[in-house]
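Down below is the structure, laid out as structure tokens.
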Amino acid sequence: MLLVVPLMVFMLNIMSSADAGLMTIGIYIPSDDEFSQVLREDIANNPGALQFVFYDDKDKAISDVERQQISEAWIIPEDFEKTVTDMAEKGRTKEKIEIVIRESGLTHMLGREVLCSRVYPLVARQIGIKYTAEAVYNNQPSETEYQHIVDTYDNYGINGNLFEMGYVDQPEGDENQVNYLMMPLRGILALWLLLCGVAASMYYIEDDKNSLFIWWKTKFPLLRDFLYYLVIILIPSIMVLIGLVYGGVFTKPLREIVALLAYDFAIICLASVLRLLIRGIKGLGIITPILIMSSAILAPVFIDLKEGRFLQKLFPTFHYLYCIHDEYFVKSLLIYGTILLIFWYLLNTLSQRFK
Numbered sequence: 243m244l245l246v247v248p249l250m251v252f253m254l255n256i257m258s259s260a261d262a263g264l265m266t267i268g269i270y271i272p273s274d275d276e277f278s279q280v281l282r283e284d285i286a287n288n289p290g291a292l293q294f295v296f297y298d299d300k301d302k303a304i305s306d307v308e309r310q311q312i313s314e315a316w317i318i319p320e321d322f323e324k325t326v327t328d329m330a331e332k333g334r335t336k337e338k339i340e341i342v343i344r345e346s347g348l349t350h351m352l353g354r355e356v357l358c359s360r361v362y363p364l365v366a367r368q369i370g371i372k373y374t375a376e377a378v379y380n381n382q383p384s385e386t387e388y389q390h391i392v393d394t395y396d397n398y399g400i401n402g403n404l405f406e407m408g409y410v411d412q413p414e415g416d417e418n419q420v421n422y423l424m425m426p427l428r429g430i431l432a433l434w435l436l437l438c439g440v441a442a443s444m445y446y447i448e449d450d451k452n453s454l455f456i457w458w459k460t461k462f463p464l465l466r467d468f469l470y471y472l473v474i475i476l477i478p479s480i481m482v483l484i485g486l487v488y489g490g491v492f493t494k495p496l497r498e499i500v501a502l503l504a505y506d507f508a509i510i511c512l513a514s515v516l517r518l519l520i521r522g523i524k525g526l527g528i529i530t531p532i533l534i535m536s537s538a539i540l541a542p543v544f545i546d547l548k549e550g551r552f553l554q555k556l557f558p559t560f561h562y563l564y565c566i567h568d569e570y571f572v573k574s575l576l577i578y579g580t581i582l583l584i585f586w587y588l589l590n591t592l593s594q595r596f597k
């Protein structure tokens, strides 16, 4: 189980650093009009996380999609200038940009958004020019006046990005970008650590059956059990920290260590409660996939669901993934673990009395 972490992070790093990035998109731009040239230059100079391949043959681009050589193809109309102008003036157009895909998926939804973001500035430019011509020159500007409108619009550029994304606690000047493929890494490692906690309960049950604890008597059995789990969880926790660093999603040492220790505390308490409730390795084996899948769905591992917050708070992974950038959830994770600790103590006391 320990070897899973470096192997997984290593493979994700290889995939995320590949030339294709998230997906490879074929572009067919048949015309050389002004709008087609602007779109071509924008895509070529600012590819982002996607890889673009330009085609001179429309059928070849579609064929490569069918043969899975590229993820999808964008087919630009012959008269792209008219397409943009009609959208700006009428709000609709007969000649549309075609997106050719083999099968639908999340990456294709992202590709469509990227395409819209590249085409929209051209449409916005035409809308701005049309509005100014109507408002200032009663829609009858001379050639000189029209050129003045165009030059004014083009010269009124925005320096830098209009939007900037960051966490609320992100230090100023910290512009570290995380690759899309690495974003779920923290959640995956958190689920893996939860799995290790349940596995520790299985080991505990086996050692208890083998009478190990006869030789380890103490007046504080809860503390003994906690140390037992901590020994098992410690090395996986170190592997998680290494995975976060190597995966490029590590934030700050103090923040990461505090959050992980609180998560370990909650996992140990949860695993101990499950052990005392289920009392069998087979039962834990049955409940484990349910616990992991539920945590993967309700905690923001892959997607952040806004509905059912009360249900989400029943899972320690939810608190952990939020507490990295919100101190409130560090406290909620500690409260969550403390409640489970009290429940663990009560269950342990009852089990000792009925032995």
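243 is the number of the first residue of the sequence shown in the numbering used here; add one for each residue after it. Where a beta carbon is used, it is the ideal one built from N, C-alpha and C, also for glycine.
(1) Please classify Pro558: is it buried, with 16 or more other beta-carbons within 10 angstroms of its beta-carbon, or exposed?
(2) Excluding five sequence neighbours on each side, which residues of the same chain lie with their C-beta closer than 8 Å to the C-beta of Met329?
(3) Hey, quick one: how far does the beta strand (DSSP E) through Ala541 stretch, first residue to last?
(4) Ignoring anything shorter than 4 residues, give me the alpha helix (DSSP H) runs that lie fully in the segment 284-370, in order along the chain.
(5) Can you name the residues that DSSP bridges to Gly268?
(6) Taking Cβ to Cβ, would you say Ile317 is nearer than 8 Å to Glu340?
(7) When we look at the beta-carbon of Glu385 and count the other beta-carbons within 10 Å, is it buried (16 or more) or exposed?
(8) At least one CB of chain D closer than 8 Å to the CB of Phe557: is that the case?
(9) Within its chain, find whatever has a CB closer than 7 Å to the CB of Arg360; leave out the 5 residues flanking it on each side and keep chain order.
(10) With DSSP as the reference, label Ser574 as helix, strand or coil.
(11) Return the first residue and the last residue of the alpha helix (DSSP H) that Val440 is part of.
(12) So, helix, strand or coil for Val491, using DSSP?
(13) With distance defined between alpha-carbon atoms, name the residue in Asn590, Phe560, Leu431 and Phe596 nearest to Val515.
(14) Please report the distance separating the alpha-carbon of Phe492 from that of Pro289.
(15) By a C-beta neighbour count over all protein chains shown, 10 Å radius and 16 as the cutoff for buried, is Met481 buried or exposed?
(16) When burial is assigned at 16 or more other CB atoms within 10 Å of the CB, is Gly485 buried or exposed?
(17) Please identify the residue among Pro426, Glu320 and Tyr445 whose C-alpha is closest to the C-alpha of Ile271.
(18) Pop quiz: Asp449 and Ile475 are said to be a contact at Cβ under 8 Å. What is the actual Cβ separation, rounded to whole angstroms?
(19) Just verifying my parser: in three-state terms, what is the DSSP assignment at Glu569?
(20) Does DSSP classify Glu549 as helix, strand or coil?
(21) For Val247, which residues of its own chain have a beta-carbon under 6 Å away from its beta-carbon, when the five flanking residues on both sides are left out?
(22) Would you kindly work out how many angstroms separate the C-alpha atoms of Trp458 and Leu512, rounded to a whole number?
(23) Which whole-angstrom value is the C-beta distance of Ile447 and Gly522, which I expect to be below 8 Å?
(24) Would you mind reading off the limits of the alpha helix (DSSP H) that contains Tyr388?
(25) Where are the alpha helix (DSSP H) runs, 4 residues long or more, that stay fully inside the segment 484-538, in chain order?
(26) Alpha carbon to alpha carbon, how far is Asn255 from Ala441? Give it in angstroms, no decimals.
(27) Shorter than 7 Å, the distance from the beta carbon of Asp321 to the closest heavy atom of the ligand ZN, or not?
(28) Compute the Euclidean distance between the alpha carbons of Ser453 and Arg344, then round it to the nearest angstrom.
(29) Taking the alpha-carbon of Gly429 as reference, which of Pro542, Leu576 and Val326 has the nearest alpha-carbon?
(30) Among the residues of its own chain, which have a CB less than 8 Å from the CB of Arg497, if the five just before and after it don't count?
(31) Rounded to the nearest angstrom, what separates Pro363 and Asn380 at their Cα positions?
(32) Sort Ala538, Tyr471 and Ser593 by Cα distance to Ile510 and report the nearest one.
(33) Just to confirm my understanding: we take Leu426, look at its own chain, exclude 5 residues before and 5 after, and list those with CB closer than 7 Å. What are they?
(34) For Val392, which residues in the same chain have their Cβ closer than 8 Å to its Cβ, ignoring the five residues on either side in sequence?
(35) Once DSSP output is grouped into helix, strand and coil, what is the label at Trp458?
(36) Compare the Cα-Cα distances from Val342 to each of Thr327, Lys573, Val356 and Asp306 and report the closest residue.
If we stick to the structure as given:
(1) Numbered from 1 along the sequence shown, position 316 holds the residue referred to as residue 558. Per the 10 Å Cβ criterion, buried.
(2) Here residue 329 corresponds to residue number 87 of the sequence shown, with the count starting at 1. The residues are Thr335, Val365 and Gln368.
(3) Counting from one through the sequence shown, the residue named residue 541 turns up at place 299. It is not in any beta strand (DSSP E) - Ala541 carries neither H nor E in the DSSP assignment.
(4) Counting whole runs of 4 or more residues, the segment 284-370 contains the alpha helix (DSSP H) stretches 300-308 and 322-332.
(5) The residue given as residue 268 occupies position 26 in the sequence shown. According to DSSP, which records beta bridges pairwise, Gly268 is partnered with Val295 and Ala315.
(6) Against the sequence shown, residue 317 aligns to sequence position 75. Against the sequence shown, residue 340 aligns to sequence position 98. With a cutoff of 8 Å on beta-carbon distance, Ile317 and Glu340 are scored as near each other.
(7) Residue numbering aside, residue 385 sits at position 143 when the sequence shown is read from its first letter. Label assigned to Glu385: exposed.
(8) Within the model displayed, chain D is absent; a lone protein chain is all it includes.
(9) Taking the sequence shown and counting its residues from 1, one reaches residue 360 at position 118. Within the same chain, Arg360 has close Cβ partners Leu281, Asp284 and Ile285.
(10) Here residue 574 corresponds to residue number 332 of the sequence shown, with the count starting at 1. Of the three classes helix, strand and coil, the one that applies to Ser574 here is helix, per DSSP.
(11) By 1-based counting over the sequence shown, the position of residue 440 is 198. Start and end: Leu427 to Lys451.
(12) Residue numbering aside, residue 491 sits at position 249 when the sequence shown is read from its first letter. Here Val491 carries a coil assignment [DSSP, helix/strand/coil].
(13) On the sequence shown, position 273 is the one that residue 515 refers to. Ranking the options by Cα distance to Val515, first place goes to Asn590.
(14) Along the sequence shown, read from residue 1 onward, the residue named residue 492 stands at position 250. Along the sequence shown, read from residue 1 onward, the residue named residue 289 stands at position 47. Rounded to the nearest angstrom, the two C-alpha atoms are 26 Å apart.
(15) In the sequence shown, counting from the first residue as 1, residue 481 sits at position 239. Met481 is buried by the Cβ-count criterion.
(16) The residue you call residue 485 lines up with position 243 of the sequence shown. With 16 or more other Cβ atoms from the protein chains shown falling within 10 Å of its own Cβ, Gly485 counts as buried.
(17) Translated into positions along the sequence shown, residue 271 becomes position 29. Considering only alpha carbons, the answer is Glu320.
(18) To locate residue 449, count along the sequence shown from 1; it is residue 207. To locate residue 475, count along the sequence shown from 1; it is residue 233. That belief does not hold up - the Cβ atoms of Asp449 and Ile475 are roughly 15 Å apart, past 8 Å.
(19) Taking the first residue of the sequence shown as position 1, residue 569 is located at position 327. Of the three classes helix, strand and coil, the one that applies to Glu569 here is helix, per DSSP.
(20) Working through the sequence shown from its first residue, we reach residue 549 at position 307. In this structure, Glu549 counts as coil in the three-state DSSP scheme.
(21) Position 5 of the sequence shown, counting from 1, holds the residue named residue 247. Take Val247, set aside five residues on each side of it, and the residues of its chain with a beta-carbon closer than 6 Å to its own are Met481 and Gly485, in chain order.
(22) Locating residue 458 in the sequence shown gives position 216, where the first residue counts as 1. Locating residue 512 in the sequence shown gives position 270, where the first residue counts as 1. Each residue's alpha carbon lies about 23 Å from the other.
(23) The residue given as residue 447 occupies position 205 in the sequence shown. The residue given as residue 522 occupies position 280 in the sequence shown. With a Cβ gap of about 7 Å, Ile447 and Gly522 count as contacting.
(24) In the sequence shown, the residue the question calls residue 388 occupies position 146. According to the DSSP assignment, Tyr388 belongs to the alpha helix (DSSP H) that extends over Glu385 to Asn397.
(25) Assignment of alpha helix (DSSP H) within the segment 484-538, counting only whole runs of 4 or more residues, yields 495-520 in chain order.
(26) Reading the sequence shown from its first residue, position 199 is the one you call residue 441. Reading the sequence shown from its first residue, position 13 is the one you call residue 255. About 28 Å.
(27) This structure lacks the ligand ZN, and indeed carries no ligand of any kind.
(28) Stepping through the sequence shown from its first residue, residue 453 is reached at position 211. Stepping through the sequence shown from its first residue, residue 344 is reached at position 102. The straight-line gap from Cα to Cα measures roughly 59 Å.
(29) Translated into positions along the sequence shown, residue 429 becomes position 187. The shortest CA-to-CA distance from Gly429 to any of Pro542, Leu576 and Val326 is the one to Pro542.
(30) As a working mapping, residue 497 is identified with position 255 in the sequence shown. These residues qualify, in order along the chain: Ile566.
(31) Position 121 of the sequence shown, counted from the start, is the residue given in the question as residue 363. Position 138 of the sequence shown, counted from the start, is the residue given in the question as residue 380. The straight-line gap from Cα to Cα measures roughly 24 Å.
(32) For this step, residue 510 is matched to residue 268 along the sequence shown. Comparing Cα-Cα distances from Ile510 to each of Ala538, Tyr471 and Ser593, the minimum goes to Tyr471.
(33) One-based indexing of the sequence shown puts residue 426 at position 184. The displayed chain sequence assigns Pro, not Leu, to residue 426. Once the five neighbours on either side are set aside, the close Cβ partners of Pro426 are Val543 and Phe544.
(34) Translated into positions along the sequence shown, residue 392 becomes position 150. Excluding positions up to five away in sequence, the list reads Ile371.
(35) For the purposes of this step, residue 458 is identified with residue 216 of the sequence shown, where counting begins at 1. Look at Trp458 here: in three-state DSSP terms it is coil, with no helix or strand label.
(36) Your numbering for residue 342 matches position 100 in the sequence shown. Taking only the C-alpha atoms, the option nearest Val342 is Asp306.
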